[in-house]
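Enquirer: In order, the protein sequence lines correspond to chains E and X. Going by the working numbering, the first residue of the first sequence is number 1065, and it counts up by one from there. Going by the working numbering, the first residue of the second sequence is number 14, and it counts up by one from there. In this text, a Cβ means the ideal position worked out from N, Cα and C, and glycines have one as well.
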Amino acid sequence: MTRMIADDVAVAAPVAAAAVDQPPRPPRNRRSWRRSAAPWLLLSPVILLSAAFIAAPVLSVFWNAMFERKLTEPWNDAFIGLEHFRFMLFEDPKFWPSLGFTAQWVLVEVVLQLIFGLIIALVVNEAFRGRGFWRALVFSPWAISGVLTTAIWILVYNPGTGIFRLLAEWGIGDGTQAVLVDPDSVFWAVVVAELWRGVPFFAIMLLAELQSAPKELYEAAAVDGAGRIKRFLHVTLPHLKTAIILTTLLRGVWEFNNVDLLLTMTNGGPAGMTTTLPLYVAQLATQAHDFGYGSALTVFAFLILLIVSIVYLKLTAFSREED
Amino acid sequence: MAVTAPTLQRPRRQVAPAIRAKRALSFHGRISLPLALYTVFTIIPFYWVVLFAFREPSSNSWLPFPITFDNFVFVWNEVGYEFFFWNSVLVGVLTTVATLALALPSGYAMARYKFKGKRAFTLVLLCTQFIPGAMMLIPLFQIFNSLGLINNLLSLAIADTVFSLPLAIMFMTSFISKIPFELEEAAMIDGCSRFHAFRLAVLPVLGPAIIAVGSFSFIGAWNNFLFGLMFIQSQQRFTLPVGLSYTMGEFGVNFGVLAAGGIVAALPVIVIFAFIQKYLVQGLGAGAVKG
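1. Would you kindly work out how many angstroms separate the C-alpha atoms of K291 of chain X and G220 of chain X, rounded to a whole number?
2. I'd like to know whether the C-beta of K303 of chain X is nearer than 9 Å to at least one C-beta of chain E.
3. Buried or exposed for D203 of chain X, please, with buried defined as at least 16 other CB atoms from any protein chain shown within 10 angstroms of its CB.
4. For the alpha helix (DSSP H) containing S1373 of chain E, name the first residue and the last one.
5. Say whether chain X places a C-beta atom closer than 9 Å to the C-beta of N1321 of chain E.
6. Would you call G1226 of chain E buried or exposed, if buried means 16 or more other Cβ atoms sit within 10 Å of its Cβ?
7. Against chain X, with Cβ distances strictly below 9 Å, would P1161 of chain E count as a contact?
8. So, with DSSP's three-state summary, where would you put F194 of chain X?
9. Return the Cβ separation of L1274 of chain E and N1189 of chain E in integer angstroms, given the expectation that the two are a contact with Cβ distance under 8 Å.
10. Quick check: is the beta carbon of L1212 of chain E nearer than 9 Å to any beta carbon in chain X?
11. Work out the CA separation of S258 of chain X and Y121 of chain X for me, nearest whole Å.
12. Residue range of the alpha helix (DSSP H) that M1337 of chain E falls in?
13. Beta-carbon of I283 of chain X versus every beta-carbon of chain E: anything under 9 Å?
14. Taking 9 Å as the CB-CB cut-off, is S206 of chain X touching chain E?
15. Identify the contact partners of Q248 of chain X in chain E, using a Cβ-Cβ distance below 8 Å as the criterion.
16. For K1134 of chain E, which three-state DSSP category applies?
17. Rounded to whole angstroms, how far is the Cβ of I182 of chain X from the Cβ of M261 of chain X, which I believe are closer than 8 Å?
18. Determine the direct distance from the alpha carbon of L239 of chain X to that of D1324 of chain E, and round the result to whole angstroms.
19. According to DSSP, is F1143 of chain E part of a helix, a strand, or is it coil?
20. Measure the CB-CB distance between F157 of chain X and A170 of chain X and report whether it falls below 9 Å.
21. Based on Cα-Cα distance, which residue from X:F143, X:T55, X:V137 lies nearest to W1318 of chain E?
22. Could you give the distance in angstroms between the alpha-carbon of I1069 of chain E and the alpha-carbon of N100 of chain X?
23. Reducing DSSP to helix, strand and coil, say where R212 of chain X ends up.
24. If you pair each beta-carbon of the region 100–115 of chain X with each one of the region 244–252 of chain X, do three or more pairs fall below 8 Å?
25. Could you tell me the distance, in whole angstroms, from the CA atom of V255 of chain X to the CA atom of A1349 of chain E?
26. To the nearest angstrom, how far is it from the Cα of T1380 of chain E to the Cα of W1234 of chain E?
Pasting the structure below:
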């Protein structure tokens, strides 16, 4: 699910624009109310399902956040108002560190995925023999789930027979690093694992955009004597601007919400070092069964996401460009 | 190829060797080198999985020889991957069928009708993408609990369908709106009902869209971990991601078992990916980003 979610917002914005361009198509006849009811009739199953399984749950989170709700203590369900939020902001020792790590995680992942994804997209956009095969190969981790990524990288990182052992046999290092438990290395260990399956998303999205780059502009730039670097800066980058803004926003939201990999690879450890806010929520939900406090954290996470997204779009002036 | 090859080669023969060498160097520096480095990075993890899955447990070789299938037999029969696999297939197929059945009429409505609230509907679809999955765990658990669907695979199919629908609808909409309306119009003038016209003029050319949306929702359901972790309690009903994380806990040091389980979980999505990856870039380039 998560992968697709990230992909699809790019689909959405232009759809809205296209819908407006499209003239009203249905043939005119007398039964006009049936015409106006028809689209809603077709959409009704989706609307009902979304109301029951998206809208109602979202609203109930705001409601639950003001109650004691613990599966382990069903008798304790008192209304406590904003008490969860007070505890969260002023007393919970895990809250602020998890917020800091969330920011660090999202920023590092998005920036590195963008850089590597852009390089890969530019490389496989060139003409060379066997291009289709290499594309399929470097894009392949795209479809791998977070849990599977963990399973795979646990094997790579394992101290006894993993990659560091192999490097040690070649005379690099001593081969005893336990990168996932060492506080000095755990951050980069999870970052690299997530990069492995995250870069293909950027590469695919940016390659799609590169293929629609206007050839005339490149030819004109080449005639004017612009070198490769100048052409990249003055033709390619401006052409990619919208795609880059959209993809980074999507990916930022997606990495913010990404729980599977961190939950299974480190479970937020060592000592809570790799706990993001959504991971903290997931731990409360699946391990501590504290629904009340988990809901309060969720409300906060949702608001943060909303505010940061709006600020990002304003800063990059994306909305103005659209109007 | 036969036509273009001579024209490509002719100018090259006239180029001085020094310039040719410089060009080759530039080509390798710009393309071969970064591609080779990144390919190594991509392949390393796959190598370790294959190594552990097919190597004798007692072996310390860096190559999986002599080859063994014992790990696969063990995970399939003893760890429960037989159940995990078929549970995942069931949830994936249910999700795919339900998503397509719901996204087709919705996409058609969005593409072919002009109505009040269409923009708002698109905006709401877009907003659902900002909801943290972890946020939905608690309320969805409560809902499925009151419906008696906890520890039932149906809860996973419902949740996966609901969350794959926004993408599916947006993709369907953009695809259908690119199909010319004239064909349908002609069919309707000939006396076809709207539904009949859709079946005759639109459905036959929707193949690629159905494959793309279907694969997306299948991969999404196949890969979903949190819903399974939260809503399923008995081991016989685990899906593959939950089973994998269970394997990591129970057989953490037995890397052969973990690797074999990983291959069971990876194979279907890798096959699907190999099949659709060509359309992925085309679809995004032509349809999604451009609109």
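Expert: According to the structure data:
1. Between K291 of chain X and G220 of chain X, the C-alpha separation is close to 15 Å.
2. With a pLDDT of only 34 at K303 of chain X, under the threshold of 50, the placement of this residue in the model should not be trusted; the figure read from the coordinates follows. Yes - at least one Cβ of chain E is within 9 Å of the one on K303 of chain X.
3. Under this definition D203 of chain X is an exposed residue.
4. Following the DSSP letters along the chain, one finds S1373 of chain E inside the alpha helix (DSSP H) bounded by residues 1355–1379.
5. Interface residue, yes.
6. G1226 of chain E is classed as buried because its beta carbon has at least 16 other beta carbons within 10 Å across all chains shown.
7. Chain X, which has no Cβ nearer than 9 Å to the Cβ of P1161 of chain E, makes this no.
8. If DSSP states are grouped into helix, strand and coil, F194 of chain X belongs with coil.
9. Their Cβ separation, rounded to whole angstroms, is 5 Å, which keeps L1274 of chain E and N1189 of chain E in contact under 8 Å.
10. Chain X contact via Cβ: present.
11. Their Cα atoms are separated by approximately 40 Å.
12. Per DSSP, M1337 of chain E lies in no alpha helix (DSSP H) and is assigned neither H nor E.
13. By this cut-off, I283 of chain X is an interface position.
14. Chain E places no beta carbon closer than 9 Å to that of S206 of chain X, leaving this residue out of the contacts.
15. The premise fails here: Q248 of chain X is roughly 16 Å from chain E at the closest Cβ pair, so nothing lies under 8 Å.
16. DSSP, read as helix, strand or coil, puts K1134 of chain E in strand.
17. 36 Å between Cβ atoms; not a contact.
18. Computed Cα separation, rounded: 7 Å.
19. For F1143 of chain E, the secondary structure class from DSSP, reduced to helix, strand or coil, is strand.
20. Note that the C-beta distance between F157 of chain X and A170 of chain X is not below 9 Å.
21. Checking every option, the nearest Cα to that of W1318 of chain E belongs to X:F143.
22. Interpretation of I1069 of chain E is limited by its pLDDT of 40, a score under 50 that renders its predicted location unreliable; no figure is taken from the coordinates.
23. In this structure, R212 of chain X counts as helix in the three-state DSSP scheme.
24. At 8 Å Cβ cutoff, the stretches touch.
25. Just so you know, the alpha carbons of V255 of chain X and A1349 of chain E end up roughly 16 Å apart.
26. T1380 of chain E and W1234 of chain E: Cα-Cα distance of roughly 47 Å.
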